[in-house]
Amino acid sequence: MSDNSPEVSKSLIEEAMWASLPPELLPHILIRLPVKSIIKFTSVCKTWKSLIQNPTFISNHLHHFSNNLLLFRLYLKPLAKAVKQPKRIGDEKEVVAMSDNLPEVSKSITEEAMWDSLPHEILTQVFLRLPIKSIITCTSVSKTWKPLIQNPSLISTHLLHSSNNDLLLFRLCPKPLAKAVKQRERIGDEKEVYALHWDDNTNFHQYTTFDDFPFHGQSATGVFRVVGTCNGLICLADDLNTYAYNFILWNPCVKKYVQLPIPNFSFRTTGPYTAAVGFGFDSKTNDYKVVRFVTPEDDDFDEGKSTPKVEVYSLATGKWRVVTAQCPKCAVRDTMLVYLRLQAFVNGALHLVCYKTTPEIRFLHFVLVFDLEDEVFREIPLPKHSDMFYWKWVSILAYGNSIAVIEPGYSVDTLDIWVLKNYADASSWTKIISLDAQAAPQDIPRPPSGFYRVKIPSLKAFRKSGEAILETYKKRLVSRNLETQEVKDLGITGSKYSFVDPYIESLVLLDKPDLAVTY
Numbered sequence: 001m002s003d004n005s006p007e008v009s010k011s012l013i014e015e016a017m018w019a020s021l022p023p024e025l026l027p028h029i030l031i032r033l034p035v036k037s038i039i040k041f042t043s044v045c046k047t048w049k050s051l052i053q054n055p056t057f058i059s060n061h062l063h064h065f066s067n068n069l070l071l072f073r074l075y076l077k078p079l080a081k082a083v084k085q086p087k088r089i090g091d092e093k094e095v096v097a098m099s100d101n102l103p104e105v106s107k108s109i110t111e112e113a114m115w116d117s118l119p120h121e122i123l124t125q126v127f128l129r130l131p132i133k134s135i136i137t138c139t140s141v142s143k144t145w146k147p148l149i150q151n152p153s154l155i156s157t158h159l160l161h162s163s164n165n166d167l168l169l170f171r172l173c174p175k176p177l178a179k180a181v182k183q184r185e186r187i188g189d190e191k192e193v194y195a196l197h198w199d200d201n202t203n204f205h206q207y208t209t210f211d212d213f214p215f216h217g218q219s220a221t222g223v224f225r226v227v228g229t230c231n232g233l234i235c236l237a238d239d240l241n242t243y244a245y246n247f248i249l250w251n252p253c254v255k256k257y258v259q260l261p262i263p264n265f266s267f268r269t270t271g272p273y274t275a276a277v278g279f280g281f282d283s284k285t286n287d288y289k290v291v292r293f294v295t296p297e298d299d300d301f302d303e304g305k306s307t308p309k310v311e312v313y314s315l316a317t318g319k320w321r322v323v324t325a326q327c328p329k330c331a332v333r334d335t336m337l338v339y340l341r342l343q344a345f346v347n348g349a350l351h352l353v354c355y356k357t358t359p360e361i362r363f364l365h366f367v368l369v370f371d372l373e374d375e376v377f378r379e380i381p382l383p384k385h386s387d388m389f390y391w392k393w394v395s396i397l398a399y400g401n402s403i404a405v406i407e408p409g410y411s412v413d414t415l416d417i418w419v420l421k422n423y424a425d426a427s428s429w430t431k432i433i434s435l436d437a438q439a440a441p442q443d444i445p446r447p448p449s450g451f452y453r454v455k456i457p458s459l460k461a462f463r464k465s466g467e468a469i470l471e472t473y474k475k476r477l478v479s480r481n482l483e484t485q486e487v488k489d490l491g492i493t494g495s496k497y498s499f500v501d502p503y504i505e506s507l508v509l510l511d512k513p514d515l516a517v518t519y
């Protein structure tokens, strides 16, 4: 759903990636390939075509493949009979075949051996420079290549190379879908839209779209909630205003996903509850984790004084388990607040805005931090405010290597952006801007009257440059420079369920053949 033009051709981008392979490396790779494969590679990029058509390469290839082959020209019986009589020949053709005169040697095995003769260190350098689609294709080349590509070490190294690409993921809901969800009607054929855009300051061209959303119609409410993204994985939760337990880890780049099992804490086991969900990466164990914070609302429930139950799903084990460390007494915010960002993954830890009750303050809001490596809890206090409800409806997002909280105008008629300037110093909270409803950017016209909520733009994400992506009350997505106040229309229309987040293409889930589903 982008009206930006002209778009950058993805084929040109992929060709540049192929051409980036060192020229001294290419002849050593190509010379080992079967002729049929070399012909196909002439279509990969102009650089490769020129190299393959070079007379020097052709001579070297001829020398390398000076095999003893026998050429056979055969006539099938019907054709030979027609020539002999003579009669009109039918559909039978002359047959030309080659044999190496080595009985019981399979041609497929020979070709595979030729592919496998490439040194692994060379192959690894090749794979790291290829587009992901091409890497997936390479898993079918030989039995040696497939485990090499599925090796967790290569997947991690490829991730480091991919982190240099500045991309933003947009999840958009077409208007008919958003309307059907809002009115609780049966959804039609309109699917959630997932697209990647280049995150740069000169343009905002679309990189690619994931048109084959495989979970359409599987949500209890019609649309999934995006919990977050991490290293190419998208965490989806089917928990909008419902006690559904459908959680998915999805990598659209490799067309694989993992359906999580039913968690330990449910309505059946716990009764009514409020739950929050977080998603991130444990770098110590190279594991991806989904965390649920569940506050039972039973007879003993005391808002802000109960202890949430916490459970972790580990992608490495494929199971949920209960966290042994005790969570501080507090109340988590549930997913009814669909327009807010409820978790941020920063510095190896999940961050959620919660509140607790103290003798002095009825609702004391703070940032609950859960370290994914050591699985321990800590707290980051929020700045004091005279309005105890000021922090109730805030979003929390990653801001570089720190966090930011955004007050979207429910308590005051402004969009306030607070940043923890020094992550290690809780006293470094700074309000970097207030977007006042009476002094709006020129692209955000104001109605003469009406509820103040629609007058305030909502913040969806921060770009790598520090600019903020805002959704106007007319659902237009814009990028705003918080220093110069310059506003740029991105040419994208959002909705109540819009989601924007930095994204890295990856091979994650390729090493989970027994757990991940391919679609």
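Counted from 1, the sequence shown has number 451 at position 451 by the UniProt record's numbering; the numbering is strictly sequential.
Heads up, the beta-carbon is just placed ideally off N, CA and C, and yes, glycines get one too.
Determine, for residue i, whether the minimum Cβ-Cβ distance to residues of chain B falls below 9 Å.
i    : result
R463 : Protein chains in the displayed structure number just one, and chain B is not present.
Let me check understanding here. Comparing Cα to Cα, which of the options lies closest to residue i?
i    : options                : result
V346 : L397, V323, V332       : L397
N231 : G271, F41, D282, N54   : D282
G278 : T270, D334, P296, E407 : D334
P131 : E505, T518, T493, L509 : E505
V394 : L352, T47, G400, V405  : V405
P381 : V419, A426, F389, L435 : A426
G318 : P263, D298, T221       : P263
E407 : G348, L340, K36, I361  : L340
L482 : D501, L435, D514, K475 : L435
K392 : F370, A244, L342, P174 : L342
A276 : V181, L196, V290, N286 : V290
R268 : Y245, H64, T47, L123   : Y245
N286 : K40, I58, P152         : P152
T357 : S306, S402, V367, K474 : S306
F377 : N241, P34, Q326, P174  : Q326
F204 : F265, I492, D514       : I492
P328 : S465, C354, P27        : C354
Buried or exposed for residue i, please, with buried defined as at least 16 other CB atoms from any protein chain shown within 10 angstroms of its CB.
i    : result
R463 : buried
D416 : buried
A516 : buried
K460 : buried
D238 : buried
F224 : buried
L62  : exposed
E467 : buried
S219 : buried
A331 : buried
F499 : buried
Along the chain, where does the beta strand (DSSP E) that runs through residue i open and close?
i    : result
A468 : 468-471
E505 : E505 -> no beta strand (DSSP E), and no H or E assigned at all.
E379 : 377-381
C173 : Taken as a continuous stretch (DSSP letters only), C173 belongs to no beta strand (DSSP E), as it is neither H nor E.
R476 : 476-480
P296 : 287-296
K512 : That residue, K512, is in no beta strand (DSSP E); it is neither H nor E in DSSP.
K460 : 458-462
I234 : 233-237
C230 : 225-230
K309 : 309-314
Which same chain residues end up closer than 6 Å to residue i when comparing Cβ atoms and leaving out the 5 residues on each side of it in sequence?
i    : result
P383 : W429
T139 : K146, I149
H161 : L128
V419 : Y399, A404, T430, I432
K191 : F213, H216
Y519 : P214, K255
Which two residues bound the contiguous alpha helix (DSSP H) that contains residue i?
i    : result
N60  : 55-64
W48  : 46-52
V353 : From DSSP, V353 is part of no alpha helix (DSSP H) but of the beta strand (DSSP E) over 349-356.
P408 : First-last for P408: undefined, no H or E at that position.
K40  : 35-41
R268 : 267-270
I396 : Segment 395-399 is the beta strand (DSSP E) holding I396; no alpha helix (DSSP H) there.
Using a Cβ-Cβ cut-off of 7 Å (strictly less than) and excluding sequence neighbours within five positions of residue i, which residues of its own chain qualify?
i    : result
V478 : D443, L470, T472, V487, K488, D489, L490
L507 : I132, I135, I155, H158, V254
Does the beta-carbon distance from residue i to residue j come in below 9 Å?
i           : j    : result
D166        : D199 : yes
residue 542 : L260 : Only positions 1 to 519 of the chain appear in this structure, which leaves residue 542 out of reach.
P296        : G271 : yes
T274        : V294 : yes
A349        : V369 : yes
K46         : K496 : no
Excluding the 5 residues preceding and the 5 following residue i in the sequence, name in chain order all residues of the same chain whose CB lies nearer than 8 Å to its CB.
i    : result
H385 : W391
K512 : K256, V258, L315
S43  : K49
Y503 : L167, L168, L169, L196, T229, G232
F57  : P27, L30, I31, L51
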